[in-house]
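Numbering of the sequence shown is given in full-length UniProt numbering, commencing with residue 1 and proceeding in unit increments.
Where is the CB? At the ideal position from N, CA and C, for every residue including glycine.
Quantities reported herein were computed from a predicted structural model and do not represent experimental measurements.
Shown next, in structure tokens, is the structure this report addresses.
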Amino acid sequence: MRSILVIRVQPIAADSPGAIPLTPEKVLGANGYHVQVTDREAEVAKLAREAEAFILHLSLADVTYWVNCLGKGKSDAPLLWWCAPDTASSSLEVCEVETSFDGILTPSMTGPEIHWTLHFAARRYMERKQWEQERKQLQSRLEDRKWIDMAKAILCDLKQISESEAYDLLRKKAMDERKRMVDVATAIVKAHQLLQS
Numbered sequence: 001m002r003s004i005l006v007i008r009v010q011p012i013a014a015d016s017p018g019a020i021p022l023t024p025e026k027v028l029g030a031n032g033y034h035v036q037v038t039d040r041e042a043e044v045a046k047l048a049r050e051a052e053a054f055i056l057h058l059s060l061a062d063v064t065y066w067v068n069c070l071g072k073g074k075s076d077a078p079l080l081w082w083c084a085p086d087t088a089s090s091s092l093e094v095c096e097v098e099t100s101f102d103g104i105l106t107p108s109m110t111g112p113e114i115h116w117t118l119h120f121a122a123r124r125y126m127e128r129k130q131w132e133q134e135r136k137q138l139q140s141r142l143e144d145r146k147w148i149d150m151a152k153a154i155l156c157d158l159k160q161i162s163e164s165e166a167y168d169l170l171r172k173k174a175m176d177e178r179k180r181m182v183d184v185a186t187a188i189v190k191a192h193q194l195l196q197s
């Protein structure tokens, strides 16, 4: 992971007069990373395609908006938050963001700490994506099961047959019509609901 996109929308304030604040691009650039910085939505969509990680140098109140901007561009890469005095001064209510960060970087991190944080963020990101995919598959199966169970109940009631016989009837109908069983079940339930109304 070498190419990183930093999203920053607020001006950088130094802690004390004359002090130069440590920004993600300074810290990461000093450790061999290619860093691009933007604060414009149109530029985020363009630059995000090439980035291998995203760092949000924002207050937590702004995080959701910019994560949605990244999502519009279908950008897939680890997401990290730059936790520094200028971004961490939010109230506790703002800290309850819905965004899942894959890691947090701070200005005081050393080179090896940054490398390991980015490495573990990439692993965390891959795990998170796998969990999301498994979750979607499970939700889809549960939804399919719901339609099949409703269709079985309708068939049991109308034909005065057992659940296993209703299941066999659904399966046979799906095979005869070369359709998925859930599609046949959905059609039965919707037709039954239409006739009942």
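What residue range is occupied by the uninterrupted alpha helix (DSSP H) comprising V67? Counting along the chain, V67 sits inside the alpha helix (DSSP H) bounded by residues 60 to 72.
The segment 96 to 109 contacting the segment 119 to 128, beta-carbon criterion three pairs below 8 angstroms: With the cut-off at 8 angstroms, the segment 96 to 109 and the segment 119 to 128 touch.
Given this structure, state the Cα-to-Cα distance separating D157 from A45, to the nearest angstrom. The alpha-carbon atoms of D157 and A45 are separated by roughly 54 angstroms.
Just tell me which of F54, G71, V184 has its CA closest to the CA of residue 225. With the chain covering 1 to 197 only, the question about residue 225 has no answer from this structure.
Can you pull the DSSP bridge partners for W82? The beta-bridge partner set that DSSP reports for W82 consists of L105.
Alpha-carbon spacing of I188 relative to L170, whole angstroms: Whole-angstrom Cα-Cα distance: 9 angstroms.
Looking at the unbroken alpha helix (DSSP H) that takes in V44, where does it start and where does it end? Where V44 is concerned, the enclosing alpha helix (DSSP H) stretches over 41 to 48.
Taking the alpha-carbon positions, what's the K159 to E134 distance? Between K159 and E134, the C-alpha separation is close to 37 angstroms.
Applying the 10 Å Cβ sphere with the 16-neighbour rule, what's the burial state of K152? Buried.
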